[in-house]
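Below: one structure, written as structure tokens.
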Amino acid sequence: MLQLAEDLTQIGLWSVDLRSSELAFSDGFARLTGLSQLNGKLDTLGDLFHPDDRHIFEEISAALRTGIPVDRGFRVVRSDRSVRWVELKGHVILGHDAYPIRADGILLDVTCRHEATQSVLRNQARYEGLVEAVASVVWEMTADGHYLPSTSWCALTGQTPQEWQAGGWSAAIHPDDRAQAAAAWANAVRRVESYEANYRLRCADGLFRWVSARAVPILNPDHSVREWIGLVIDMTSSASVMSQPNGIPLEEISGPLIRSARAMLNWSIPDLAAAAEVSGSSIKRFEESDGGALRPRTRTAIRLALEAAGITFVSRQPGEVGLVYRPVSNA
487 MLQLAEDLTQ
497 IGLWSVDLRS
507 SELAFSDGFA
517 RLTGLSQLNG
527 KLDTLGDLFH
537 PDDRHIFEEI
547 SAALRTGIPV
557 DRGFRVVRSD
567 RSVRWVELKG
577 HVILGHDAYP
587 IRADGILLDV
597 TCRHEATQSV
607 LRNQARYEGL
617 VEAVASVVWE
627 MTADGHYLPS
637 TSWCALTGQT
647 PQEWQAGGWS
657 AAIHPDDRAQ
667 AAAAWANAVR
677 RVESYEANYR
687 LRCADGLFRW
697 VSARAVPILN
707 PDHSVREWIG
717 LVIDMTSSAS
727 VMSQPNGIPL
737 EEISGPLIRS
747 ARAMLNWSIP
757 DLAAAAEVSG
767 SSIKRFEESD
777 GGALRPRTRT
787 AIRLALEAAG
797 ITFVSRQPGE
807 VGLVYRPVSN
817 A
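The numbers in our numbering rise by one with no breaks, and the one at position 235 of the sequence shown is 721.
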């Protein structure tokens, strides 16, 4: 029964005589650590520690010898050179003289849990990196309509946190675009669907800039709205580029412009690859290295796919570039 329990829960039992440093452990402990013998010295455990975690063994050993319970995580290097993440938990038993005489505990294999946590952290870092690359503003709203603080919105528009959280975002929109943007938002909330709107936004410097606003509802398992998450993407490098949408067409386009154009269209890399009939890796290379390694035919196909979807790449003067997005009618 003990072996079954240890196998099912990925744990092992251990006990150490703190006077002689004799270490005894179960079959489960041996399987987790890769040890072959069923007893040894406390230093036997220390030899398993990853070199970067060796100091943790010293801390555990010192704690046990002074009567302090332990609960620490670290890496062990098994005899087959594989690395596992484990947690060691133990309590200390005192003798008649109140000095520590023995410590008993368990060792848990938490490799899967650790890798899952790291995967979540990596995905979060990728998300934050993508948002930082394409968006000027990130905002969140609760299901009941409460806007959470957005320092990026306040920095871009000059609005106070109180104005933003009171729902005053529409006041920063150009009067000619305000009604359309508000109607699109009301429709998205009513129908619980994604929100998209392009409008001129008054920025902190007093100038209006064209932006692309996007938001999606995050749903609960019962399909009710848990929250809304939105982005505001600056569509221009300066207000003057967009004020003259018929600027000089760009002869060469850069990777960041391709990435920004995808964001305006709400296209993923596979979406653009399908529209251009090229591979996803070609899109990635274009965005990361400006397409220098791609064949001219591939670069042209990517550009034409974006232009067919309503994107125009323009430059009013050298060093000043921008994008114009005119939604293509499906009629």
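Yeah, the Cβ is synthetic: ideal placement off N, Cα and C, and Gly gets one too.
It should be emphasised that the depicted structure is a prediction, and the values quoted were computed from it without experimental measurement.
{"Asked": "Inter-residue spacing [alpha-carbon to alpha-carbon] between Ala699 and Tyr811", "Found": "13 Å"}
{"Asked": "Three or more C-beta pairs below 8 Å linking the segment 495 to 514 and the segment 589 to 602", "Found": "yes"}
{"Asked": "Alpha-carbon spacing of Ala791 relative to His632, whole angstroms", "Found": "39 Å"}
{"Asked": "Start and end residues, alpha helix (DSSP H) containing Phe461", "Found": "The requested residue 461 is not part of the displayed model; the chain covers only 487 to 817."}
{"Asked": "Helix, strand or coil at Ala641 [DSSP, three-state]", "Found": "helix"}
{"Asked": "Ala795, buried or exposed, once every other Cβ within 10 Å from all chains shown has been counted against 16", "Found": "buried"}
{"Asked": "Cutoff 7 Å; reference Val563; Cβ partners in own chain excluding five residues on either side", "Found": "Leu534, His536 and Val569"}
{"Asked": "Option in Cys689, Ile715, His709 and Glu649 with minimal Cα separation from Tyr681", "Found": "Ile715"}
{"Asked": "Bounding residues of the alpha helix (DSSP H) (the contiguous stretch that carries Ala760)", "Found": "Ile755 to Ala762"}
{"Asked": "Simplified DSSP assignment, three categories, for Asp513", "Found": "helix"}
{"Asked": "Between the CA atoms of Asp662 and Val624 - distance to the nearest angstrom", "Found": "24 Å"}
{"Asked": "Status (buried if at least 16 other CB within 10 Å, exposed otherwise) for Val727", "Found": "Any answer about Val727 is weak, because its pLDDT of 40 lies below 50 and its placement is not dependable; what the coordinates show is given next. So Val727 ends up on the buried side."}
{"Asked": "Selected residue, minimal CA-CA separation from Thr519, among Asn706, Leu580 and Leu531", "Found": "Leu531"}
{"Asked": "Residues that DSSP places opposite Leu451 in a beta bridge", "Found": "Residue 451 cannot be examined here, being either before or after the span of the chain that is shown, 487 to 817."}
{"Asked": "Local Cβ density within 10 Å of Ala669, reported as buried at 16 or more and exposed below that", "Found": "exposed"}
{"Asked": "Chain B contact for Leu499 (CB, 8 Å cutoff)", "Found": "Note that chain B does not occur in the displayed structure, where there is just one protein chain."}
{"Asked": "Classification of Pro782 by the beta-carbon crowding that lies within 10 angstroms, buried from 16 upward", "Found": "exposed"}
{"Asked": "Cβ-based neighbour list, Thr643, same chain, cut-off 7 Å, excluding 5 preceding and 5 following", "Found": "Ala658, Leu687, Arg688, Cys689 and Ala690"}
{"Asked": "N-terminal and C-terminal residue of the alpha helix (DSSP H) that Ser775 is part of", "Found": "Gly766 to Ser775"}
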